[in-house]
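For reference, the structure discussed in these notes is given below.
Numbering (my numbering), first residue to last: 8 to 325.
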């Protein structure tokens with residue numbers, strides 16, 4: 008079945024609270040200079056802000072907390088950016104057919120295009136993201152990379168190798184960090200290099216933390232090359248096998264995240280201090296891989312069995 012180009016027909020496919028927002032309706036008069044989207048739609052400024060904050064609080068609590076610690080003038084834009092990521096991340100779990108998922112991704116692609124034409128759809132995350140783009144002149148390329156990569160990831164297939172997982176992390180997590188740096192007004196090559204490595208580490212760790220959730224749905228997304236290297240099958244993870252070769256797989260994958268974290272740290276003297284708040288979520292990487300590589304047994308325990316790690320992995324999405 009071919010996916011038709013989304014327009015207003017994709018309005019009902021948006022994620023959010025049913026009945027709260029008009030489906031597929033455009034806000035009139037957006038093209039006018041200085042026109043406030045919330046005012047034009049008859050909504051208070053806090054309406055769309057509150058929606059993004061609540062979405063983030065419920066679905067990505069760590070990003071919610073880290074966004075609260077950003078400078079006040081950047082906070083609402085960070086909430087919008089992270090809410091946008093949540094909308095994309097949860098598509099895979101909410102659709103029963105890939106075709107529907109592709110339609111939703113097409114809706115968000117068109118939404119990004121429309122945002123840069125000052126014509127966002129009447130959808131709370133889109134409205135707040137439009138404000139952020141206008142306020143900080145955010146780079147469209149990074150937003151599109153996130154959508155494109157999430158779209159490619161709709162297939163329930165394990166990563167063929169660690170490089171595929173790193174590429175996914177770069178295009179999603181690192182892109183989010185590049186945009187966060189822009190929200191903070193940072194344009195610095197060293198900060199970008201650090202963001203690239205931190206994003207890759209964060210993506211790898213998120214994949215590990217989400218293992219219990221994915222396992223409950225009979226899915227395993229760990230890189231196949233590392234699993235094959237240690238003679239481990241997907242069924243070993245689904246059965247929660249704790250043999251040494253299974254622990255070795257987890258250890259090797261986490262070691263790659265630790266390596267990226269180490270590279271990111273090498274830039275700490277060159278990165279502007281103002282950029283540090285963008286990297287607050289590095290804490291979740293530290294919680295799993297630690298300051299130095301943890302023992303294999305401890306890593307296995309935190310990645311596969313701890314209820315708190317399972318909950319956090321489910322909230323943030325892989």
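We treat Cβ as the ideally placed atom computed from N, Cα and C, and that holds for glycine. Note that the coordinates shown come from a computational prediction; the quantities given were computed from them, not determined experimentally.
Decide if residue i is buried, meaning its Cβ has at least 16 other Cβ atoms within 10 Å, or exposed.
{"i": "residue 275", "result": "exposed"}
{"i": "residue 249", "result": "exposed"}
{"i": "residue 354", "result": "This structure gives no information on residue 354, because the portion of the chain shown stretches from 8 to 325."}
{"i": "residue 242", "result": "exposed"}
{"i": "residue 99", "result": "buried"}
{"i": "residue 225", "result": "exposed"}
{"i": "residue 160", "result": "buried"}
{"i": "residue 80", "result": "exposed"}
{"i": "residue 280", "result": "exposed"}
{"i": "residue 189", "result": "buried"}
{"i": "residue 101", "result": "exposed"}
{"i": "residue 76", "result": "exposed"}
{"i": "residue 52", "result": "Residue placement at residue 52 cannot be trusted, given a pLDDT of 45 that sits under 50; what the coordinates show is reported in the next sentence. Its Cβ having fewer than 16 others within 10 Å, residue 52 is exposed."}
{"i": "residue 78", "result": "exposed"}
{"i": "residue 28", "result": "Note that residue 28 scores 42 on pLDDT, short of 50, meaning its location in the model is unreliable and no value can be drawn from it."}
{"i": "residue 246", "result": "exposed"}
{"i": "residue 65", "result": "exposed"}
{"i": "residue 67", "result": "buried"}
{"i": "residue 326", "result": "Shown here, the chain extends from 8 to 325; a query on residue 326 therefore has no answer."}
{"i": "residue 158", "result": "buried"}
Skipping 5 residues on each side, what residues in its chain have a beta carbon closer than 8 angstroms to that of residue i?
{"i": "residue 63", "result": "70, 71, 74, 86, 89, 90 and 93"}
{"i": "residue 39", "result": "Reliability of the predicted coordinates at residue 39 is poor, the pLDDT of 41 falling under 50, and the value obtained from them is presented with this limitation in mind. Taken in chain order, the list of residues that qualify is empty."}
{"i": "residue 151", "result": "116 and 119"}
Locate the alpha helix (DSSP H) running through residue i, then write down its first and last residues.
{"i": "residue 121", "result": "105-122"}
{"i": "residue 270", "result": "251-272"}
{"i": "residue 100", "result": "98-101"}
{"i": "residue 172", "result": "169-176"}
{"i": "residue 165", "result": "Element bounds for residue 165: n/a, residue is neither H nor E."}
{"i": "residue 277", "result": "From DSSP, residue 277 is part of no alpha helix (DSSP H); its letter is neither H nor E."}
{"i": "residue 133", "result": "131-143"}
{"i": "residue 152", "result": "147-159"}
{"i": "residue 72", "result": "68-75"}
Using a Cβ-Cβ cut-off of 7 angstroms (strictly less than) and excluding sequence neighbours within five positions of residue i, which residues of its own chain qualify?
{"i": "residue 292", "result": "208, 209, 212, 264 and 268"}
{"i": "residue 239", "result": "252, 253 and 256"}
{"i": "residue 228", "result": "165, 166, 214, 221 and 325"}
{"i": "residue 163", "result": "226"}
{"i": "residue 108", "result": "98, 99, 102 and 161"}
Can you give me the Cβ contacts of residue i inside the same chain, cut-off strictly under 6 angstroms, excluding the 5 residues immediately before and after it?
{"i": "residue 123", "result": "147"}
{"i": "residue 83", "result": "56"}
{"i": "residue 289", "result": "205"}
{"i": "residue 180", "result": "206, 209 and 210"}
{"i": "residue 186", "result": "88, 145 and 149"}
{"i": "residue 277", "result": "197"}
Determine contact between the stretch 166-175 and the stretch 227-235, defined as no fewer than three beta-carbon pairs at a distance below 8 angstroms. yes
Tell me whether the stretch 262-275 and the stretch 197-214 touch, counting them as touching only if at least three CB pairs, one residue from each stretch, are closer than 8 angstroms. yes
Contact between the stretch 171-184 and the stretch 204-212 (3+ Cβ pairs under 8 angstroms): yes
Inspect the CB distances between the stretch 188-195 and the stretch 283-294 and report whether three or more fall short of 8 angstroms. yes
Scan the stretch 191-243 and note each continuous alpha helix (DSSP H) run of 4 residues or more that stays entirely inside, going in chain order. 196-216, 218-223 and 231-236
Touch test, the stretch 136-154 against the stretch 112-126, Cβ-Cβ under 8 angstroms, three pairs minimum: yes
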